[in-house]
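Visitor: Just dropping this structure here.
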Amino acid sequence: ILPIQVAKELKDKGNVDPKYFEDVTIIFTDFVGFTLSTEKLAAEDLVYALNDYFTLFDKIVGRYYMEKLKTIGDSYMYVGGLPLDRQARRSSSHPVDAVMAAFEMVRAVEERAKSTPSIPWAVRVGVHTGPVIAGVVGIQKFAFDIWGESVNAASRMESSGAPNRINVSQQTFQRVKDFFDCEYRGKIPTKDKREIDMYFANGILPSLLGDGTQIPPEAFLRRYRVYFQKEPPAFPSFLLPPPAEPAVAPPSIVIPT
């Protein structure tokens, strides 16, 4: 329920001191079509569907060493860069890892929608990178959470996004542009009447894709190692181009003598 370090501090001291993290990546997801489903589906079926999707999300978050924070209705929130449980989380790779995880979530939702046409959900994903305060508040049903303008910005990225697209802020774009093909959307108005630069992450940069025969591609792997001095935790292989078909030699012609 709680990150290991946080649980230990709570057990030893009875409370958790607030902690400041100057550089984390916050991700919100939200299902498009969920409200309509609540009017048509039985409550039991709705809960089973949410559990199915969120279980998939949990597995993806684990593969990329992200930290799941909470679900709020049909919204799923996770964060990268909190150095709480694994040494790997201290790496500055968290914006790149978070976007790769987001690609896998979008793919999972698209595949589920094909196999269960009665629940044709899509997902909006919003990503922002910045500082947060983390801690545990209250004494009953307490939970580890984060606060700050960065959390609000990530939420605005999600609400201003589009179905089955990953909407990233200017701050996140600056951290991932050397790895992902990003489409500038312009200054998009948000719910609080502000205009913010936003980008859609479309996929891996074409120059890093290779021929589709190696996962991860050699060029992507080399750049990841140079930037972060480690191996990527996972890779969304479905973003690779299909391997080229081997050339077929024309049949030989035998001329009778």
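For any residue, its number in our numbering is found by taking its place in the sequence shown, counting from 1, and adding 551. Just so you know, even glycine gets a beta-carbon here, dropped at the ideal spot from N, CA and C.
Hey, would you say alanine 649 sits closer than 7 Å to glycine 631, going by beta carbons?
Guide: Yes, the Cβ-Cβ distance between alanine 649 and glycine 631 is below 7 Å.
Visitor: Which residue marks the beginning of the beta strand (DSSP E) containing arginine 736, and which one marks its end?
Guide: Start and end: 731-740.
Visitor: How is the alpha helix (DSSP H) around glycine 613 delimited, first residue to last?
Guide: 594-614 is the extent of the alpha helix (DSSP H) around glycine 613.
Visitor: Going by DSSP, what residues sit across from tyrosine 629 in a beta bridge?
Guide: Ile578 and Lys619.
Visitor: Below 8 Å on the Cβ atoms is my contact criterion, and I expect tyrosine 627 with phenylalanine 654 to pass it. Report the Cβ-Cβ distance as a whole number of Å.
Guide: Wrong, their Cβ atoms sit about 15 Å apart, outside the cutoff.
Visitor: Quick one, which of Phe695, Val674, Asn566 and Thr723 has its alpha-carbon nearest alanine 705's?
Guide: It is Thr723 whose Cα lies nearest to the Cα of alanine 705.
Visitor: What does the Cβ neighbour count give for glycine 681, buried or exposed, with the cut at 16 atoms within 10 Å?
Guide: Flag for glycine 681 reads buried.
Visitor: In chain order, what residues of the same chain have a beta carbon less than 7 Å from the beta carbon of leucine 607, not counting five sequence neighbours either side?
Guide: Counting only Cβ-Cβ distances below 7 Å, and skipping sequence neighbours, we find Ala659.
Visitor: Using only the alpha-carbon positions, how far apart do lysine 692 and isoleucine 552 sit?
Guide: Near 10 Å, if we compare the C-alpha coordinates of isoleucine 552 and lysine 692.
Visitor: According to DSSP, is isoleucine 555 part of a helix, a strand, or is it coil?
Guide: Helix at isoleucine 555.
Visitor: In the DSSP output, what is tryptophan 672 paired with across the bridge?
Guide: In the DSSP output, where bridge partners are listed per residue, tryptophan 672 has none listed.
Visitor: From serine 788 to glutamate 560, what does the alpha carbon distance come to, in whole angstroms?
Guide: Answer to the nearest angstrom: the Cα atoms are 39 Å apart.
Visitor: When DSSP labels each residue in this structure, what does proline 793 get in the three-state scheme?
Guide: Proline 793 falls in the coil class under three-state DSSP.
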